[in-house]
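Quick note, the sequences are listed as chains A and B, same order. Heads up, the first sequence is in the working numbering, so the first residue is 1 and it goes up one at a time. Heads up, the second sequence is in the working numbering, so the first residue is 1001 and it goes up one at a time. Comments concern the structure below.
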Amino acid sequence: MFQRTHAIARKFDLQGSVIYLGFIAIFLFFAVTLADDGFLTTRNLSNIVLQTAPATIMAIGLVFVLSAGEIDLSFGSIVAVAALSAAVVMQEHSMLLGILAGLGAGLAIGWLNGALVAYLRLPSFLVTLATMGLFAGVARSMTDLRSIPVISDVFTGFFGSGSLFGIPSLILWTLGAVIIGHLIYRETRFGAHVIATGDNPRAAQVSGIKVPRIRLAVLMVSGGCAGLAGLLYAGRLQAAKYTLGESDLMTVIAAVIVGGTALNGGKGSVVGALVGSLMMGMLNNGLILMGLSVSDQMIVRGLIILFAVAISLRGTSRA
Amino acid sequence: MTGTVEAAARPVLELNNIHKSFGGVVAIEDFSLDLRAGEIVALVGDNGAGKSTLIKIISGVHAPTSGSIALDGEPVSFSDASKARSSGIEVVYQDLALADQQPVYMNLFLGRERLRGPFGLLDRKAMMQETQKLVDELDVRIPSASAVIRDLSGGQRQGVAIARATHWATKLILLDEPTAALGVAETAKVEKIVLALKERNMATLIISHSLDQVFRLSDRICVLRRGVQVGVRETAKTDKNEIVSMITGVA
Ligand SMILES: Nc1ncnc2c1ncn2[C@@H]1O[C@H](COP(=O)(O)OP(=O)(O)OP(=O)(O)O)[C@@H](O)[C@H]1O
Ligand SMILES: [Mg+2]
């Protein structure tokens, strides 16, 4: 039994990661303390999964970026620009064009980040810090701070409230993204090159890996994931607004780190990012049910994230 | 018949009047050398003489400022390391160039992964098996092919880097101080591997600060002093005193 779980942990890159214990501890804590407040109801638990869908997808993109030794701070702003692009295009044109506009915006901003990092050799921290601000501004000016309704039932069903065989579409999106993300990360040559680039760029380069191309690609993956997350937000809320994705930066980075991805590259886990993201969602949900004020929620969440990140970094960085 | 004689006589690698400067700093002033198949040439010189720089020029990491390189008689100019690699040149760098958090087998196959199936997924099993076979053949003792580099000793890491180079090289191997960090037994093992390269008809250029080792392994010794090639001697026809005075420039 132990052998077997160990083998599974290896397969999914979970060894040394304490995330499961943390996940179970938080779950048990809320299950006991919030037993009378409806935490354990199926409805509440499935709500947690639905609400974290966009963050999980952003987290998957970030696993690739961090594994390659880069960072993306701009994905929150990309979410807003992508959602607004889709909503605006759909007012005049078909749904399909709207979807393409949303994903295209994400990929284009990811390409801009990536080109600056890969070919001008600017640090990704500074590049994406700048584009984070830049595209937050673009999102605000696109519609003069107005919210744009998304009325297509097909769109909101596909990206939001719909379901297939009784499974909510947001859960299907999450599952699909995790499975595809995991396969690409663990089982393809591209994934191996991403990890090697973050581990030792010089070794990667003398091994024939096109390191700049990998750096460009991971930032485009992150941009594309953020674009998809924007569509999911627009689908679920049936509207797009510049505030979408604004508050996700900290939780997504925390989810990825807690999930066993190294901040300085060479190591990561897509499945871990999913669990980390669910943990953050559970935390948000529990703190709201506990009746904490918004400011108290922020403080407690910040402290717990600090604690969780500290533990998972200690757990994984053995010498 | 004449064909074989010609092939044997033609050098695998020809370096002619190589010059390299980094900004204002001249690292290689004037370097020429021919390397033949099945031959081990030792490159010696003091710290900072330009030995590592020369290796990086041959392997395409640096472009020479002037001078020419020919491989099998064909002039080449490698724009990056992967071009030299695909021409059959392998290098063990002084700093090894391994991805520390990855397993041994991924390092051996980095950039040349084995794939399987219609989707071209990584064939980890095949890579692991091939790696295991290779390290067994070379007597590199590592816990397993899936051990992570960071968990290996310095000697084991060196073994992995050498195994990778010997596995992929078809023409030329460049070794930059391959035994600098090794103990007596490990050094002997590496020397055995290097001598075995001769039997595979490989051309080998080895950098070493140990003159004992140089005299044990090499057919010829090439001396580099402050970026200038000051002479090549046949190992059998020289002695340590002559080489030392060539290295230091004191007669
Ligand atoms: N990338 C670089 N940029 C600037 N100068 C360099 C660079 N690489 C090497 N040099 C300079 O070139 C000279 C030769 O360095 P090199 O590393 O080739 O010496 P070496 O013979 O390998 O020495 P050692 O025995 O210590 O390894 C040194 O003066 C070094 O500072
Ligand atoms: Mg050197």
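Where a beta carbon is used, it is the ideal one built from N, C-alpha and C, also for glycine. Here the structure is a predicted model, which means the values were calculated and not measured.
In the DSSP assignment, residue 1068 (chain B) falls outside any alpha helix (DSSP H) and within the unbroken beta strand (DSSP E) covering 1066 to 1071.
Interface residue (Cβ-Cβ distance to chain A less than 8 angstroms): residue 1122 (chain B) is classified as such. Between residue 197 (chain A) and residue 68 (chain A), the CB-CB gap stays under 8 angstroms. Residue 178 (chain A) sits close to residue 270 (chain A), with the two beta carbons spaced by under 8 angstroms. Sequence-ordered contacts of the region 176 to 193 of chain A with chain B read 183, 186, 187, 188, 189, 191, 192, 193 [C-beta pairs closer than 9 angstroms].
The alpha-carbon separation between residue 226 (chain A) and residue 61 (chain A) amounts to approximately 8 angstroms. Contact holds between the region 137 to 153 of chain A and the region 81 to 94 of chain A, because three or more Cβ pairs, one in each stretch, are under 8 angstroms apart.
Look at residue 1100 (chain B): its C-beta is under 8 angstroms from a C-beta on chain A. In this structure, B:1177 is the residue among B:1082, B:1177, B:1078, B:1068 with its C-alpha nearest to the C-alpha of residue 1095 (chain B). Interface flag for residue 1106 (chain B) against chain A is set, since a Cβ pair is found closer than 8 angstroms. At a cut-off of 8 angstroms between beta-carbon atoms, residue 206 (chain A) makes contact with chain B. Against residue 200 (chain A), the close residues of chain B are 1097, 1098, 1099, 1100, 1101, 1102, in the order they occur along the chain (beta-carbon pairs closer than 9 angstroms). Between the region 296 to 310 of chain A and the region 1030 to 1039 of chain B there are fewer than three C-beta pairs closer than 8 angstroms, too few to call the two in contact. Against chain A, a Cβ distance below 7 angstroms from residue 1233 (chain B) picks out nothing, because the smallest value is about 31 angstroms.
Rounded to the nearest whole angstrom, the C-alpha separation of residue 1013 (chain B) and residue 1183 (chain B) is 32 angstroms. At least one beta carbon of chain B lies nearer than 8 angstroms to the beta carbon of residue 196 (chain A). For residue 1094 (chain B), the CB falls within less than 7 angstroms of some heavy atom of ligand 1.
Residue 87 (chain A) sits buried, since 16 or more C-beta atoms from the chains shown fall within 10 Å of its C-beta.
The beta carbon of residue 229 (chain A) sits closer than 6 angstroms to the beta carbons of 54, 57, 58, 79 from its chain, once the five residues preceding and following it are set aside; these are given in chain order.
For residue 1085 (chain B), the chain A residues whose Cβ falls inside 9 angstroms of its Cβ are 206, 207, 208, in order along the chain. Two segments are said to touch when three or more pairs of C-beta atoms, one from each, lie closer than 8 angstroms; by this definition the region 96 to 105 of chain A does not touch the region 39 to 52 of chain A. A distance below 8 angstroms separates the beta carbons of residue 220 (chain A) and residue 111 (chain A).
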